[in-house]
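Undergrad: Numbering (our numbering), first residue to last: -3 to 289.
No residue lacks a Cβ here, since even glycine has one placed at the ideal position from N, Cα and C.
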Amino acid sequence: MMKNLLLGLIVTPVFALCYVNYHPAVEVRDVIGAKSFFEDEVKPDGAKPCFNGAYYRKVVSSKDVWLGIAGTVVLPKITFDKARRNDQKPGQFLDNPSIYMGGSMNEQETDVGMTWAVIRDEEGKVSAERKAFRPFFRRAGYPKTGQKDSWQDAPARKEFYWYPGEEVSMSLRIVAAGKLRFVVEGAGKRFEADFESDGYHMNGLGEFKRVNAIDQVRNEGKPAQPTKTHVENSTWKETKLFRLVDGKVVSVPMHKGRFTDMRCPDGKYFKITSNKKEEKIGAETISIYGDVR
């Protein structure tokens, strides 16, 4: 997953992103009930193929006129497999947890969210170990306009570090033709950035997702490697999708009838719990085990 981008290793800020603070939001409001649908809404696929390289739980919307996705999540507890150390990066492991969102429109993929990453301390020293979740952004290229791939992360500063057990709200939304806004906020910290993605448009057909994963270093396209790494108790308290209705941005619950349920490479590696009330609002608790429990 994420093509092993390992953005936590990038500690020099790349300022192609436009960092913004507390930009006024377009009106967002809930308009339909927890098990309702828009009259013209496209239903999600019953199943989608898994891709090799990682352990991941994904929920993905239908391909429709969605504008984005938002959710609130408690970051997971991490236990690494001590036998799977990265021989090229002392102090790090071959498994790495991430919690992120993303979209696909006009065949342009984006991933944004949190990955377990190295940090820079107050004296400017970069840690050998990964020590915190940091926001990241990945955008695939868009050949029609010549837009290139981009792989970036938030500046390595303490106000952009989050830790297991902290609650954060994340969102990814189209705010103008070719422009996406990514926001992470929680535990007294906030990161917000606008970035260009030429394939995304206000009335375009696209799909949006959220993902919990154990990514694996140098394993792109290969079967997920056996591991004793556990990433436990990541609790999504809600998930919403955005849509433009009568000129206003509205949000609707990403309930169980509004997404394709993916557990890759096999459901046996996951413990996922939710009750009927939680299913109505896109809430669930996810644990991932590289060794079957």
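Which residue marks the beginning of the beta strand (DSSP E) containing residue 54, and which one marks its end?
TA: The residue labelled residue 54 in the question sits at position 58 within the sequence shown. Taken as a continuous stretch (DSSP letters only), the beta strand (DSSP E) holding residue 54 covers 50 to 56.
Undergrad: At what residues does the beta strand (DSSP E) containing residue 275 begin and finish?
TA: Numbered from 1 along the sequence shown, position 279 holds the residue referred to as residue 275. Element bounds for residue 275: not the beta strand (DSSP E) but the alpha helix (DSSP H), 272 to 275.
Undergrad: Where DSSP assigns a beta bridge to residue 168, which residues make up the other side?
TA: To locate residue 168, count along the sequence shown from 1; it is residue 172. According to DSSP, which records beta bridges pairwise, residue 168 is partnered with 65, 178.
Undergrad: Decide if residue 51 is buried, meaning its Cβ has at least 16 other Cβ atoms within 10 Å, or exposed.
TA: Taking the first residue of the sequence shown as position 1, residue 51 is located at position 55. Counting Cβ neighbours within 10 Å, residue 51 comes out buried, since at least 16 surround it.
Undergrad: Measuring only the C-alpha atoms, how far is residue 188 from residue 154?
TA: Numbered from 1 along the sequence shown, position 192 holds the residue referred to as residue 188. Numbered from 1 along the sequence shown, position 158 holds the residue referred to as residue 154. Distance between the alpha carbons of residue 188 and residue 154 is about 15 Å.
Undergrad: Per DSSP, what kind of secondary structure is residue 18 in: helix, strand or coil?
TA: The residue labelled residue 18 in the question sits at position 22 within the sequence shown. Reliability fails at residue 18, whose pLDDT of 39 lies under 50, so the model's placement of it is uncertain and the value that follows must be treated cautiously. It is coil, neither helix nor strand.
Undergrad: Tell me, to the nearest whole angstrom, how far the beta carbon of residue 231 is from that of residue 70; I am working on the premise that it is less than 8 Å.
TA: Taking the first residue of the sequence shown as position 1, residue 231 is located at position 235. Taking the first residue of the sequence shown as position 1, residue 70 is located at position 74. Between residue 70 and residue 231 the Cβ distance is about 4 Å, and since that is below 8 Å, they are a contact.
Undergrad: Let me check one thing: in DSSP terms, what residues is residue 235 bridge-paired to?
TA: Residue 235 sits at position 239 when you count from the first residue of the sequence shown. According to DSSP, residue 235 bridges with 67.
Undergrad: CB-CB under 6 Å to residue 208, same chain, minus the five flanking residues each way: which ones, in chain order?
TA: As a working note, residue 208 is residue 212 in the sequence shown. 53, 95, 230, 282.
Undergrad: Quick one: residues in its chain with C-beta nearer than 7 Å to the C-beta of residue 160, no 5 flanking neighbours on either side, listed in chain order?
TA: Reading the sequence shown from its first residue, position 164 is the one you call residue 160. 71, 72, 73, 74.
Undergrad: What's the C-alpha gap between residue 152 and residue 35?
TA: Here residue 152 is taken as the residue at index 156 of the sequence shown, counted from 1. Here residue 35 is taken as the residue at index 39 of the sequence shown, counted from 1. Each residue's Cα considered, the two are about 45 Å apart.
Undergrad: Go ahead and pull the three-state DSSP assignment for residue 265.
TA: As a first step, residue 265 must be located in the sequence shown, where it is residue number 269. Residue state, collapsed to three classes: helix.
Undergrad: Would a C-beta distance cut-off of 8 Å place residue 55 and residue 262 closer than the cut-off?
TA: Here residue 55 corresponds to residue number 59 of the sequence shown, with the count starting at 1. Here residue 262 corresponds to residue number 266 of the sequence shown, with the count starting at 1. Taking 8 Å as the Cβ cut-off, residue 55 and residue 262 do not qualify as a contacting pair.
Undergrad: From the DSSP output, in three-state form, read off residue 214 for me.
TA: The residue labelled residue 214 in the question sits at position 218 within the sequence shown. Coil, per DSSP.
Undergrad: Any idea what DSSP makes of residue 99, helix, strand or coil?
TA: For the purposes of this step, residue 99 is taken as the residue at position 103 of the sequence shown. Looking at residue 99 - three-state DSSP - the assignment turns out to be strand.
Undergrad: Helix, strand or coil: how does DSSP classify residue 89 here?
TA: Here residue 89 is taken as the residue at index 93 of the sequence shown, counted from 1. Residue 89 falls in the strand class under three-state DSSP.
Undergrad: How would you call residue 297, buried or exposed, if buried means at least 16 neighbouring beta carbons within 10 angstroms?
TA: Nothing can be reported for residue 297: it is not among the residues displayed for the chain, which extend from -3 to 289.
Undergrad: Check whether the Cβ atoms of residue 64 and residue 191 lie closer than 8 Å to each other.
TA: Residue 64 sits at position 68 when you count from the first residue of the sequence shown. Residue 191 sits at position 195 when you count from the first residue of the sequence shown. No. Outside cutoff.
Undergrad: On a Cα-Cα basis, can you pick out the residue from 58, 156, 199 that is closest to residue 183?
TA: Against the sequence shown, residue 183 aligns to sequence position 187. The residue with the shortest Cα to Cα distance from residue 183 is 156.
Undergrad: Should residue 60 be labelled buried (16 or more other beta-carbon atoms within 10 Å of its own) or exposed?
TA: Reading the sequence shown from its first residue, position 64 is the one you call residue 60. Buried, because 16 or more other Cβ atoms sit within 10 Å of the Cβ of residue 60.
Undergrad: Taking contact to mean at least 3 C-beta pairs separated by less than 8 Å, is the region 169 to 186 in contact with the region 77 to 92?
TA: No, because fewer than three Cβ pairs between the region 169 to 186 and the region 77 to 92 fall closer than 8 Å, the two stretches do not touch.
Undergrad: Run through the DSSP bridge pairs and tell me what residue 105 is partnered with.
TA: Within the sequence shown, the letter at position 109 stands for residue 105. In DSSP, residue 105 forms a bridge with 100.
Undergrad: Within this structure, are the beta carbons of residue 135 and residue 57 separated by less than 8 Å?
TA: Stepping through the sequence shown from its first residue, residue 135 is reached at position 139. Stepping through the sequence shown from its first residue, residue 57 is reached at position 61. Cβ atoms of residue 135 and residue 57: not closer than 8 Å.
Undergrad: Excluding the 5 residues preceding and the 5 following residue 46 in the sequence, name in chain order all residues of the same chain whose CB lies nearer than 7 Å to its CB.
TA: On the sequence shown, position 50 is the one that residue 46 refers to. Excluding residues within five positions, the ones whose Cβ falls inside 7 Å are 258, 260, 261.
Undergrad: Just grab the DSSP bridge partners of residue 208 for me.
TA: Your numbering for residue 208 matches position 212 in the sequence shown. In DSSP, residue 208 forms a bridge with 53, 95.
Undergrad: Are the CB atoms of residue 224 and residue 67 nearer to each other than 8 Å?
TA: Taking the sequence shown and counting its residues from 1, the one referred to as residue 224 is at position 228. Taking the sequence shown and counting its residues from 1, the one referred to as residue 67 is at position 71. Against a cut-off of 8 Å, the Cβ pair of residue 67 and residue 224 comes out as no contact.
Undergrad: What span of residues does the beta strand (DSSP E) with residue 249 cover, start to end?
TA: In the sequence shown, counting from the first residue as 1, residue 249 sits at position 253. It spans 244 to 249 - the beta strand (DSSP E) in which residue 249 sits, taken as one unbroken run.
Undergrad: Pair every Cβ in the region 109 to 119 with every Cβ in the region 130 to 144, then say whether three or more of these pairs are closer than 8 Å.
TA: The region 109 to 119, when compared against the region 130 to 144, does touch it at the 8 Å Cβ threshold.
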